[in-house]
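Undergrad:
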Amino acid sequence: MLIHPPRLRLLLRLWLLLVYLSFLVIASNGIFMFVTVPFSVVFVHHYYLLSKRWGLHRYSKKLLHSITIAVWLVTLVFVEQARDGIMQLLWLYF
């Protein structure tokens, strides 16, 4: 039987939260802003729980916060290209 260290589960949760954060940043445009505000509160709640568990396993919280800020900044830089790409894909599909 394989032993799964907690870091793999924590990194999976972090990865899912970062994908969720990227989706929130991309979707926060125009009328969707009203929808993304409650989902942002959900993100902050789950990020707080992850941060708490991350610290309990004695991992660096500075690393966690710096990764999250870096992903947020990269998403902000490329948000227009991502929106245009999604709209082009939707335009081709429909």
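Residue numbering for the sequence shown follows my numbering, starting at 18 and increasing by one per position.
Idealized CB from N, CA, C, for every residue including glycine.
Would you call the segment 28–46 and the segment 57–67 touching, i.e. three or more CB-CB distances under 8 Å?
TA: yes
Undergrad: Between the Cα of Ile84 and the Cα atoms of Val96, Pro55, Pro23 and Ser39, which residue gives the shortest distance?
TA: Walking along the sequence shown from the start, residue 84 turns up at place 67. Closest by alpha carbon: Ser39.
Undergrad: From the DSSP output, in three-state form, read off Arg75 for me.
TA: The residue labelled residue 75 in the question sits at position 58 within the sequence shown. Residue state, collapsed to three classes: coil.
Undergrad: Assign Ile48 to one of three DSSP states: helix, strand, or coil.
TA: On the sequence shown, position 31 is the one that residue 48 refers to. Of the three classes helix, strand and coil, the one that applies to Ile48 here is helix, per DSSP.
Undergrad: Measuring straight from C-alpha to C-alpha, what distance separates Trp117 and Val52?
TA: Absent from the model: residue 117. The displayed extent of the chain is 18 to 111, so no value can be given.
Undergrad: Within its chain, find whatever has a CB closer than 7 Å to the CB of Gly72; leave out the 5 residues flanking it on each side and keep chain order.
TA: The residue given as residue 72 occupies position 55 in the sequence shown. The answer, listed in chain order, is Lys78.
Undergrad: Does the distance from the C-beta atom of Leu27 to that of His74 stay below 8 Å?
TA: If you number the sequence shown from 1, residue 27 lands on position 10. If you number the sequence shown from 1, residue 74 lands on position 57. Contact check for Leu27 against His74 passes: the beta carbons are separated by less than 8 Å.
Undergrad: State the Cα-Cα distance for the pair Met18 and Arg24, rounded to the nearest angstrom.
TA: In the sequence shown, counting from the first residue as 1, residue 18 sits at position 1. In the sequence shown, counting from the first residue as 1, residue 24 sits at position 7. Low confidence applies to Met18: its pLDDT is 49, below 50, so where it sits in the model is not reliable, and the reading given next is rough at best. For Met18 and Arg24, the distance between alpha carbons rounds to 18 Å.
Undergrad: Please confirm if Gln105 has its CB atom under 8 Å from at least one CB of chain B.
TA: Among the chains in the structure shown there is no chain B, since it carries only a single protein chain.
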